[in-house]
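Visitor: There's a structure below that I have some questions on.
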Amino acid sequence: MKDDGIILTLLGNFALISLFAVGGANAAVPEMHRLAVDLHHWMTDKQFADLFAIAQLSPGPNVIIVTLIGYQAAGVAGAAAATVAMCGPTCVLAFYMGRIWDRFHQARWRNVIQGGLVPVSIGLIGASALILAQAADHNLIAWAVTLATAAVAYFTRLNPLWLFLAAGLIGLLGYI
Amino acid sequence: MSQATIPASDPQPGLSELFFTFASMSLAGFGGVLPWARRVLVEERKWLTPEQFNENFSFSQMLPGPNIVNFSVIFGSRLRGAAGAVVALLGLMGPPVVIVTLLAMLYVRYGELVWLQRILAGVAAAAAGLIIATVAKMAKPLFGRALDFAPFVAIIVFIAIGILRWPLPYVLIVAGPISIALAWYRR
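Residue numbers (the numbering used here), protein chains in the order written: chain R, 1 to 176; chain V, 1001 to 1187.
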């Protein structure tokens, strides 16, 4: 019955996370990390960083990190539970809000809400960056790779896959 | 403005077309689907004008949850009602979820292999860097204005979540309304 417990935990936790994910999936990474690593011990810090890397290497929306976390916690059923819980509640909300869109589509308070939520999202995504870097970077070269990737991605429009390829090679050679 | 999201040419893509369009742009999207969504829906299919795309997307961003998922539901429902919403969502999520589940199985089975460990360690370091670049790009316009509340809110949320590791719901229930109130006051 332990597995049933995990599935219910995944459903409940990810449904809650989805409703608080202001700024998309990347903004919710710290909360996912807190639950999966610190609270429930479904995986180590290193495994979390690995799964995030795999999610980045895979095609599709960033939110598929939850599928990987769910799988690591409870196999295929866990992957399905985490994915459905992360998408379900917000999809229902989006569906009904989309229908009444016209009524407040130009309302002044819409800009106010957005203006208030953007800095919150930035704080959350900044926290994601810190937590992922702490999980992934255990020596100076790893930190250098992180900072160099950040600089290249910030200043150029190079496809991130090239950066992953270069970083993967540096890793393969045993420097990280 | 109820016509805002119905393009002038008024195309009526069928459900299967909707599914395959969302599936193809999802599978093309490494490191985020948004750029591909724009390219496919605005430039190739012309189902949306650039303005309609921005409007739809900013609305999706305002809602909680994964932005592109919200976008697919809103867009699909506009075109084809509830069935359209479900089909667009399945197109967006179905194929990547299958792929990533297979990758998860491989990871559980072979994740201890030394060479794989090393490659993933490198990619993980780069992935953290990409998020830093994303947040730097988002934050840039915020820090340009003098004496604005926004940088303080961003920094406080960053400390509460990233350093103190407080639970997300508690932080948001406090920080969200305060930040919105400040935005109202500063408007």
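Cβ atoms here follow ideal geometry from the backbone N, Cα and C, with glycine treated the same way.
Here the structure is a predicted model, which is why all the values come from computation and not from measurement.
For alanine 167/R, I'd like the list of residues in its chain whose CB is within less than 7 Å of its CB, leaving aside the five on either flank, ordered along the chain.
Guide: Answer for alanine 167/R: Val145 and Thr149, listed in chain order.
Visitor: Can you check which of these residues, Met1062/V, Pro1095/V, Trp1115/V and Val1100/V, is closest to valine 66/R by C-alpha distance?
Guide: Ranking Met1062/V, Pro1095/V, Trp1115/V and Val1100/V by Cα distance to valine 66/R puts Val1100/V first.
Visitor: Can a CB atom of chain V be found closer than 8 Å to the CB of phenylalanine 52/R?
Guide: Judged by the 8 Å Cβ criterion, phenylalanine 52/R is in contact with chain V.
Visitor: Determine whether the Cβ of tryptophan 42/R lies closer than 8 Å to any Cβ atom of chain V.
Guide: Not closer than 8 Å to any Cβ of chain V, the Cβ of tryptophan 42/R fails to qualify, so no.
Visitor: Can you look up proline 59/R in the DSSP assignment and give me helix, strand or coil?
Guide: Reduced to three states, the DSSP call for proline 59/R is strand.
Visitor: Taking leucine 1172/V and valine 22/R to be in contact with their CB atoms under 8 Å, please state how far apart those CB atoms are, rounded to whole angstroms.
Guide: At roughly 7 Å, the Cβ-Cβ gap stays under 8 Å, so leucine 1172/V and valine 22/R are in contact.
Visitor: Expressed to the nearest angstrom, what Euclidean distance is found between the alpha-carbon atoms of proline 1035/V and valine 1073/V?
Guide: Between proline 1035/V and valine 1073/V, the C-alpha separation is close to 18 Å.
Visitor: Work out the CA separation of alanine 1133/V and asparagine 159/R for me, nearest whole Å.
Guide: For asparagine 159/R and alanine 1133/V, the distance between alpha carbons rounds to 13 Å.
Visitor: Among the residues of its own chain, which have a CB less than 6 Å from the CB of valine 112/R, if the five just before and after it don't count?
Guide: Nothing listed; no residue qualifies.
Visitor: Does the beta-carbon of aspartate 4/R have 16 or more other beta-carbons within 10 angstroms, so that it is buried, or is it exposed?
Guide: Its Cβ having fewer than 16 others within 10 Å, aspartate 4/R is exposed.
Visitor: Could you check the C-alpha separation between glutamine 56/R and valine 1123/V for me, to the nearest Å?
Guide: About 9 Å.
Visitor: For the alpha helix (DSSP H) containing asparagine 1054/V, name the first residue and the last one.
Guide: Element bounds for asparagine 1054/V: 1050-1062.
Visitor: Along the chain, where does the alpha helix (DSSP H) containing proline 1169/V start, and where does it finish?
Guide: Proline 1169/V -> alpha helix (DSSP H) spans 1168-1186.
Visitor: In the DSSP assignment, what are the bridge partners of phenylalanine 1030/V?
Guide: Answer by DSSP bridge pairing, in chain order: Pro59/R.
Visitor: Hey, does valine 37/R have any beta-carbon neighbour from chain V nearer than 8 Å?
Guide: Taking Cβ atoms only, chain V never reaches closer than 8 Å to valine 37/R, which makes this a no.
Visitor: Just checking my contact of glycine 88/R with leucine 10/R at CB under 8 Å: how many whole Å lie between their CB atoms?
Guide: So it is not a contact: roughly 12 Å between Cβ atoms.
Visitor: Of all the CB atoms in chain R, is at least one closer than 8 Å to the CB of leucine 1120/V?
Guide: Judged by the 8 Å Cβ criterion, leucine 1120/V is in contact with chain R.
Visitor: Grouping DSSP H, G and I as helix and E and B as strand, with all else coil, what is serine 1009/V?
Guide: Interpretation of serine 1009/V is limited by its pLDDT of 49, a score under 50 that renders its predicted location unreliable; no figure is taken from the coordinates.
Visitor: Taking only beta-carbon atoms, is threonine 1049/V less than 8 Å away from chain R?
Guide: Answer no: the Cβ-Cβ gap between threonine 1049/V and chain R never drops below 8 Å.
Visitor: Let me see if you follow: with CB-CB separation under 8 Å, is threonine 964/V close to chain R or not?
Guide: Residue 964/V cannot be examined here, being either before or after the span of chain V that is shown, 1001 to 1187.
Visitor: Beta-carbon of arginine 110/R versus every beta-carbon of chain V: anything under 8 Å?
Guide: For arginine 110/R, the answer is yes, since a Cβ of chain V falls inside 8 Å of its Cβ.
Visitor: Given 8 Å as the limit, is there contact between the stretch 14-34 of chain R and the stretch 1061-1079 of chain V, that is, 3 or more CB pairs closer than that?
Guide: Because the criterion of three Cβ pairs below 8 Å is met, the stretch 14-34 of chain R and the stretch 1061-1079 of chain V touch.
Visitor: Output, in chain order, the set of chain R residues within a Cβ distance shorter than 9 Å of isoleucine 1015/V.
Guide: Sequence inspection shows leucine at residue 1015/V; the isoleucine mentioned does not correspond to that position. None at all; the shortest Cβ gap to chain R is about 16 Å.
Visitor: Go ahead and label valine 37/R buried or exposed: buried means 16 or more other beta carbons lie within 10 angstroms of its beta carbon, across all protein chains shown.
Guide: Per the 10 Å Cβ criterion, buried.
Visitor: Over what stretch of residues does the alpha helix (DSSP H) that includes glycine 1094/V continue unbroken?
Guide: Per DSSP, glycine 1094/V belongs to the alpha helix (DSSP H) from 1067-1110.
Visitor: What are the boundary residues of the alpha helix (DSSP H) that glycine 115/R is part of?
Guide: Glycine 115/R -> alpha helix (DSSP H) spans 108-136.
Visitor: Could one say the Cβ of asparagine 26/R lies closer than 8 Å to chain V's Cβ atoms, at least one of them?
Guide: By this cut-off, asparagine 26/R is an interface position.
Visitor: Compute the beta-carbon to beta-carbon distance between phenylalanine 1053/V and valine 1042/V, rounded to the nearest angstrom, for a pair I have assumed lies under 8 Å.
Guide: Right, their Cβ atoms sit about 5 Å apart.
Visitor: May I have the straight-line CA-CA distance separating leucine 117/R from phenylalanine 14/R, to the nearest angstrom?
Guide: Cα to Cα, leucine 117/R sits roughly 21 Å from phenylalanine 14/R.
Visitor: For alanine 152/R, I'd like the list of residues in its chain whose CB is within less than 7 Å of its CB, leaving aside the five on either flank, ordered along the chain.
Guide: Alanine is not the amino acid found at residue 152/R; the sequence shown has valine there. Counting only Cβ-Cβ distances below 7 Å, and skipping sequence neighbours, we find Leu158 and Leu163.
Visitor: Can you give me, in chain order, the residues of the stretch 118-131 of chain R that have a beta carbon less than 8 Å from any beta carbon in chain V?
Guide: Correct list: Val118, Pro119, Val120, Ser121, Ile122, Gly123, Leu124, Ile125, Gly126, Ala127, Ser128, Ala129, Leu130 and Ile131.
Visitor: Contact between the stretch 1085-1096 of chain V and the stretch 123-133 of chain R: three or more CB pairs below 8 Å?
Guide: No contact exists between the stretch 1085-1096 of chain V and the stretch 123-133 of chain R.
Visitor: Our contact map puts valine 1097/V next to threonine 83/R with C-beta atoms below 8 Å; I'd like the distance itself, whole angstroms only.
Guide: The pair is a contact, with the Cβ atoms about 6 Å apart (cut-off 8 Å).
Visitor: With a Cβ-Cβ cutoff of 8 Å, do isoleucine 1161/V and leucine 147/R count as a contact?
Guide: Taking 8 Å as the Cβ cut-off, isoleucine 1161/V and leucine 147/R do not qualify as a contacting pair.
Visitor: Once DSSP output is grouped into helix, strand and coil, what is the label at threonine 44/R?
Guide: Residue state, collapsed to three classes: coil.
Visitor: Hey, is alanine 1088/V's beta-carbon within less than 8 Å of any beta-carbon in chain R?
Guide: Output row for alanine 1088/V: interface = no.
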